[in-house]
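So the protein sequences, as listed, match chains A and B. Going by our numbering, the first residue of the first sequence is number 1, and it counts up by one from there. Going by our numbering, the first residue of the second sequence is number 1001, and it counts up by one from there. We treat Cβ as the ideally placed atom computed from N, Cα and C, and that holds for glycine. Keep in mind the model is a prediction, meaning the values are calculated, not measured.
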Amino acid sequence: MDEAFDVAIVGAGPAGLSAACRLAEKGVKTIVLERGEYSGAKNISGGVLYGHDLARVLPDYERRNFPIERNIVESRLWYLSQDGGYSLSYRDKIFADERKHNVFSVGRAKFDRWFSEQARGKGALVVCGTVVTDLLRDPNHRVVGVRTDRSDGELQAKVVLLADGINSPLAAKTGFRPEPKPHQVALAIKEVIELTEEQIQDRFNVEPGQGVTIEIMGEVTQGMDGVAVIYTNRKSLSLCIGANLSALSKQKVRPYEMMESFKEHPLVTPLIQGGKSTEYMAHWLPEGGYDAIPRLCGDGFLIAGDSGMLFNAPHREGSNLAMTSGRFAAEAILEALAKGDFSRHGLKGYISRLQNSYLFQDLRKYRRFGRFLRTHRELFTTLPRWTQLAAREMLTVNGVPKKEKQRVIWREFRTRTSLLSFLRLLWDGWRSVR
Amino acid sequence: MSMKVEDKLFLDRFRVDEESHLRIIDGALCLQECPDQPCLYICPANVYRLEKDRISVAYEGCLECGSCRIGCPHLNIEWRFPRGGYGVSHKFG
């Protein structure tokens, strides 16, 4: 492989492949190096993707037989206590008609494989089964290529795009991005549970091809700051649950046991009843937010996607940020190629594009969100318990006057928390999302 | 009925390399200076297990999340990706 490329991309996920598509279609000699047996072999997301960002890379993706599972027409939010929970949902026909593919569920093993075929079709070389173990530098410390675990494994490139995901020993080794601290990532695990198409349609009250997402908070993460989700695929459900890694460590919770209790929750059990588990996976979510983003551009290199900590936690958006940051990286590389300047200065179009887009604007908006969840454990402990009590009181018909029930609820509230700390929660919460 | 982690891992497809990609750097440190031993809990694949005189590493079922590497309070785990094409391969993802 002692060959020279214009661009070497590390990682064939949505960030790397978006960049590869854009570069290859402009005739740039591009190689993508993927450590998995095939693109997607190592990749996971909760399981939804976004048409808007994909269309900006592949405008005709809908005609390219893309591997969609279900088009999401309804979003639910659950706030769960031990034995019950609140549910809020919104469904709109606009997401079934005019704004179809706004959000759709996918299996990443299939989707990323399809995506890499698109990049290949445009002329990029995608090489799987290859781990990038180091970066090559010139005496001025500029990145000039990559070293791989193949025997003939060095290759030169004018620019290297690091799109190798959140868990990147390469970034840690080379110092391009500091190793995340345990509190900066959530460890999420995922189980795929197979059902029939009809079962899913009945249980979620949707038409064939349509789907639902459920985002879940509360006691399911056993007092740790975390989330769970249930997404509908064509013939399966994706169940994910995750919590901050430092909290998992501290509380000594085994993630798979947390998943099992989640599956036994009275709101979850009826949805998965009779289903067969077919796959089990684990992955980090970047939770550091805007302030954990490393320097994304330097002499001869760029960082995109999860690898650059580009993840919007409150909106569970990551794959779209990956695709768009990959596309921006490609556009900046095209400018650098035109100028023949691959220094940090020559590549800085990447940063200005990020700054002027929804990416940095959203991440800046929510920069306090991770800290908010970490410092307000009551969201996962006392608050779900109290809201359970309140709902139970008000919904139980037992001859007790409602005024008296309100007094009981209020008394409970004050024994569990103080008005002041509750106001603090509201204030911090509002500040973290405003 | 609750599903065991071994049964979950049994669902996955692994191509196992002969050599481990995970290594505890100093085994004595785990027993003498690490009372909490978080690797025994946080690993979603239960790779690390406490034996009589050491912590064993069942790297074959590793899901490659990286949690042990950064979660080890002594950074006592040498962690690299399995060789290209080896390790876990997702079917659905």
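CB contact flag (residue i, residue j, <7 angstroms)
| i | j | result |
| --- | --- | --- |
| ALA304(A) | GLY326(A) | yes |
| ALA329(A) | TYR358(A) | no |
| TYR366(A) | PRO294(A) | no |
| GLY437(A) | ALA163(A) | Nothing about residue 437(A) can be reported from this structure: the residues present for chain A run from 1 to 434 only. |
| ALA172(A) | GLU179(A) | yes |
| PHE1092(B) | GLU37(A) | no |
| TYR1041(B) | ARG254(A) | yes |
| VAL206(A) | ALA124(A) | no |
| LEU1063(B) | ALA1045(B) | yes |
| GLU69(A) | VAL106(A) | yes |
| GLY84(A) | GLN388(A) | yes |
| ASP149(A) | ARG1083(B) | yes |
| CYS21(A) | ALA119(A) | yes |
| ARG108(A) | ASN43(A) | yes |
| GLY275(A) | LEU195(A) | yes |
| VAL126(A) | SER116(A) | yes |
| ALA322(A) | ALA15(A) | yes |
| SER81(A) | GLU219(A) | yes |
| ILE216(A) | ILE272(A) | no |
| ASP202(A) | ARG374(A) | no |
| ARG1015(B) | TYR1086(B) | yes |
Distance, residue j Cα to residue i Cα
| i | j | result |
| --- | --- | --- |
| ARG64(A) | ASP112(A) | 14 angstroms |
| GLY47(A) | PHE5(A) | 33 angstroms |
| MET259(A) | ILE189(A) | 8 angstroms |
| GLU412(A) | TRP386(A) | 7 angstroms |
| GLY175(A) | THR382(A) | 41 angstroms |
| THR436(A) | ARG1054(B) | No information on residue 436(A) is available, as it lies outside the stretch 1 to 434 that chain A covers here. |
| GLY300(A) | ASP362(A) | 27 angstroms |
| PRO59(A) | ASP53(A) | 10 angstroms |
| SER421(A) | ARG377(A) | 12 angstroms |
| ASP92(A) | LYS100(A) | 11 angstroms |
| ALA228(A) | GLU98(A) | 29 angstroms |
| VAL132(A) | GLU1018(B) | 20 angstroms |
| MET394(A) | LYS402(A) | 7 angstroms |
| ASN312(A) | LEU1050(B) | 37 angstroms |
| VAL7(A) | GLY1061(B) | 34 angstroms |
| SER1056(B) | LYS250(A) | 22 angstroms |
| TYR90(A) | GLY318(A) | 22 angstroms |
| MET1003(B) | ASN356(A) | 47 angstroms |
| TRP284(A) | CYS1065(B) | 6 angstroms |
| TRP78(A) | THR232(A) | 15 angstroms |
| CYS1068(B) | CYS1039(B) | 6 angstroms |
| LEU354(A) | ARG177(A) | 18 angstroms |
Bounding residues of the beta strand (DSSP E) (the contiguous stretch that carries residue i)
| i | result |
| --- | --- |
| GLU98(A) | Note, GLU98(A): premise wrong, no beta strand (DSSP E); not H, not E. |
| MET281(A) | 276 to 286 |
| ILE241(A) | 236 to 244 |
| ARG147(A) | 143 to 148 |
Assigned exposure category for residue i - 16 Cβ within 10 Å defines buried
| i | result |
| --- | --- |
| LEU1075(B) | exposed |
| ARG364(A) | exposed |
| VAL433(A) | exposed |
| ILE200(A) | buried |
| ALA221(A) | With the sequence shown as reference, residue 221(A) is identified as Thr, and Ala is not the correct amino acid for it. Answer is buried; the Cβ neighbour count reaches 16. |
| HIS265(A) | buried |
| PHE1010(B) | exposed |
| LYS252(A) | exposed |
| ASP152(A) | exposed |
| GLN184(A) | buried |
| SER307(A) | buried |
| HIS1090(B) | buried |
| GLY370(A) | buried |
| SER418(A) | exposed |
Bounding residues of the alpha helix (DSSP H) (the contiguous stretch that carries residue i)
| i | result |
| --- | --- |
| GLN355(A) | 349 to 355 |
| CYS1030(B) | 1027 to 1033 |
| TYR358(A) | 358 to 365 |
| ARG434(A) | Element bounds for ARG434(A): n/a, residue is neither H nor E. |
| ILE409(A) | 402 to 416 |
| ALA15(A) | 14 to 25 |
| MET1003(B) | Segment: none, MET1003(B) is in no alpha helix (DSSP H) and carries neither H nor E. |
| ASN320(A) | 319 to 339 |
Any non-hydrogen atom of the ligand NAP within 6 angstroms of residue i CB
| i | result |
| --- | --- |
| MET217(A) | This structure lacks the ligand NAP; in fact it carries no ligand of any kind. |
Residues from the stretch 1048 to 1067 of chain B in contact with chain A, defined by Cβ distance under 9 angstroms = LEU1063, GLU1064, CYS1065, GLY1066, SER1067
Going along the chain, which residues of the stretch 1009 to 1036 of chain B sit with their C-beta nearer than 8 angstroms to a C-beta in chain A?
-> Within the stretch 1009 to 1036 of chain B, the qualifying residues are LEU1009, LEU1011, ASP1012, ARG1015, ASP1036.
Near-chain B residues of the stretch 236 to 250 of chain A (beta-carbon distance less than 9 angstroms), N- to C-terminal order = SER236, SER238, LEU245, SER246, LEU248, SER249, LYS250
Within 9 angstroms of chain B by C-beta, residues of the stretch 251 to 277 of chain A in sequence order | GLN251, LYS252, VAL253, ARG254, PRO255, TYR256, GLU257, MET259, GLU260, SER261, LYS263, GLU264, SER277
Members of the stretch 396 to 430 of chain A near chain B, C-beta cut-off 7 angstroms | none
Just by C-beta distance, which residues in the stretch 280 to 295 of chain A are closer than 9 angstroms to chain B?
-> TYR280, MET281, ALA282, HIS283, TRP284
Near-chain B residues of the stretch 174 to 202 of chain A (beta-carbon distance less than 8 angstroms), N- to C-terminal order = GLU179, PRO180, LYS181, PRO182, VAL185, LEU187, ILE189, GLU191, VAL192
Members of the stretch 27 to 47 of chain A near chain B, C-beta cut-off 7 angstroms = ARG35, GLY36, GLU37, GLY40, ALA41, LYS42, ASN43, ILE44
The stretch 87 to 112 of chain A: positions lying closer than 9 angstroms to chain B by Cβ | Per Cβ criterion, the list reads VAL106, GLY107, ARG108, ALA109, LYS110, PHE111, ASP112.
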